[in-house]
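Here is the structure we will look at, set down as structure tokens.
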Amino acid sequence: MRYSLKDVPAGRLDLKDRTFRVTEWEGPEKARLLERSIETMGLLNPPAALPGDGGSWRIVCGFKRIEACRSLGIKEIRVRALSGKPDPLDLARWAIADNSFSRPLNLLERANAAALLFRSLKEAGAGEENLEKEAGALGLPGNSGVLADLQRVYFLPDSIKQKILSGRISLAMAVRLSALNREEAETFAEIFDTLRLGLNRQKEFLLLAKEIAIREDIGVRDVFSDPEFLDITGPEDGKDLPIQTKNARLYLQKRRFPALSKAREDFAENLKQLHLSAGASIAAPPFFEGNRYILHLPFSKKQDIREHQKTLDSLAENPALETFPGFKP
1 MRYSLKDVPA
11 GRLDLKDRTF
21 RVTEWEGPEK
31 ARLLERSIET
41 MGLLNPPAAL
51 PGDGGSWRIV
61 CGFKRIEACR
71 SLGIKEIRVR
81 ALSGKPDPLD
91 LARWAIADNS
101 FSRPLNLLER
111 ANAAALLFRS
121 LKEAGAGEEN
131 LEKEAGALGL
141 PGNSGVLADL
151 QRVYFLPDSI
161 KQKILSGRIS
171 LAMAVRLSAL
181 NREEAETFAE
191 IFDTLRLGLN
201 RQKEFLLLAK
211 EIAIREDIGV
221 RDVFSDPEFL
231 DITGPEDGKD
241 LPIQTKNARL
251 YLQKRRFPAL
261 SKAREDFAEN
271 LKQLHLSAGA
281 SIAAPPFFEG
291 NRYILHLPFS
301 KKQDIREHQK
311 TLDSLAENPA
321 LETFPGFKP
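Position 77, counted from 1, in the sequence shown is what UniProt numbering calls 77; the numbers after and before it change by one each time, with no gaps.
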């Protein structure tokens, strides 16, 4: 691809045209680092751009460098001015390679690059059988399934993309959110961000809330807008995040499985009536399906066994046992 170096007025470089944009800022610190580098050493790697109508220029690569130059008040920016009518697929290759071979791309940047490659191959009339080969040559994942997932991330709302950029949402969860409608996806993303949930908890909250919505014939947003849930997750000072998460999880479980939750609460309350010896515990059958309970009696000396013997004698006569689901007197 032929080009010449040219000084272009900074305002003529069209940052709003994101056709070939791959880069995404990860925070103001990264921007300041680039600005200091340009201020100290100058623009070592000129951006590439295409002349357009009315004196404007379409940026092919170097968006961050141009933004940094503008922030520094630089009036003219030296660019690699592309000549002729370059093949759009070649431009896409340049845009992706300029980024992927200079540093690791974050998730959003990989999504931007994958979407750009999909689009450029389609416009060039090239079949998707070329996708994996092209992607691998450009430093992207050479797997069509992963590339398709990345393209789904590209089409997510900006509000969710910001949470992906902050690291709150992984590729695995972003793909799940892409299958939901916009309102549901944004609602889940907000909850995940508010409670700082890890992937496993995110999956659990997603499943519970969707099942509650189906069971009660309501929307997902209605599940999370319930006053009781809002009281648990509210932003008031002094609330402990792990406790908020635990209580929010219990709320969803209780609402999704009301009978099971009631059985657990009753079981915990009835346990108090048994006056177990120190260290002793009783485990209920999983999901209270069945009637076999497990009594755990740890000991380290004979006196512990004597105390547990008293517990066993007391249990045999305690009517509270008869309240256990499935227990046979």
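We put the CB at the ideal spot given by N, CA and C, even for glycine.
Spell out the partners DSSP gives residue i in its beta bridges.
i: W57; result: L13, P51
i: K6; result: V79
i: I66; result: Beta-bridge pairing links I66 to no other residue.
i: I294; result: A283
Would you say residue i and residue j are within 9 Å of each other, going by their C-beta atoms?
i: residue 353; j: E183; result: Residue 353 lies beyond the residue range present for the chain, which begins at 1 and ends at 329; the question has no answer from this structure.
i: R65; j: P51; result: no
i: E109; j: T19; result: no
i: V60; j: A95; result: yes
i: L91; j: N99; result: no
i: E67; j: L131; result: no
Roughly how many angstroms separate the alpha carbons of residue i and residue j, rounded to a whole number?
i: Y293; j: A172; result: 38 Å
i: E204; j: I191; result: 12 Å
i: D217; j: R306; result: 55 Å
i: L138; j: S120; result: 14 Å
i: V146; j: S261; result: 39 Å
i: K254; j: Q162; result: 32 Å
i: G136; j: S281; result: 57 Å
i: E228; j: R256; result: 14 Å
i: N291; j: A283; result: 11 Å
i: Q309; j: K301; result: 13 Å
i: R12; j: L82; result: 15 Å
i: R93; j: F118; result: 11 Å
i: K122; j: P88; result: 11 Å
i: E317; j: H275; result: 12 Å
i: D313; j: P319; result: 13 Å
i: G54; j: Y3; result: 20 Å
i: G279; j: P285; result: 20 Å
i: L241; j: L206; result: 19 Å
i: K133; j: R58; result: 27 Å
i: G142; j: Y251; result: 42 Å
i: G42; j: F101; result: 21 Å
i: F327; j: R201; result: 33 Å
i: L180; j: K239; result: 30 Å
i: N112; j: R80; result: 22 Å
i: S144; j: W25; result: 26 Å
i: E265; j: E211; result: 22 Å
Between residue i and the rest of its own chain, which residues show a CB-CB distance below 8 Å, the 5 nearest in sequence each way excluded?
i: A185; result: L156, P157, I160, L177, S178
i: V175; result: D149, R152, V153
i: A10; result: I66, C69, R70, I74, K75, E76, I77
Excluding five sequence neighbours on each side, which residues of the same chain lie with their C-beta closer than 6 Å to the C-beta of residue i?
i: D7; result: E76, R78
i: A209; result: V220, V223
i: G62; result: P47
i: L295; result: I282
i: R21; result: F63
i: Q273; result: A320
i: A97; result: L138
i: F288; result: A263, P325
Starting from the C-beta of residue i, find all residues in its chain whose C-beta is less than 7 Å away, skip the five residues before and the five after it, and write them out in chain order.
i: S225; result: none
i: L72; result: E35, I38, E39
i: T233; result: T194, L195, Q244, A248
i: I298; result: It should be noted that the sequence gives Pro, not Ile, for residue 298. Closer than 7 Å at the Cβ level, and outside the excluded window around P298, lie G279.
i: P258; result: none
i: L315; result: L274, L321
i: T187; result: V220, R221, F224
i: T311; result: L276, S277, A280
i: L33; result: none
Answer with yes or no whether the minimum CB distance from residue i to chain B is below 9 Å.
i: D87; result: Absent here is chain B; the protein component of the structure consists of one chain.
Regarding residue i and the ligand SAM, is the C-beta to nearest heavy atom distance less than 8 Å?
i: D231; result: Summarising the ligand content, the structure contains no ligands, and the ligand SAM is consequently not present.
Task: Touch test, the stretch 191-201 against the stretch 226-246, Cβ-Cβ under 8 Å, three pairs minimum - done: Output reads yes: the stretch 226-246 touches the stretch 191-201.
Open item on the list: I'd like to know if the stretch 152-169 and the stretch 127-142 are in contact, where contact means that at least 3 CB-CB pairs between them fall below 8 Å.
Closed with: Contact fails: fewer than three Cβ-Cβ distances are below 8 Å.
TODO: Tell me, please, whether the stretch 307-326 touches the stretch 264-276 by the rule of three or more beta-carbon pairs shorter than 8 Å.
DONE: Contact between the stretch 307-326 and the stretch 264-276 is present, because at least three Cβ pairs lie under 8 Å.
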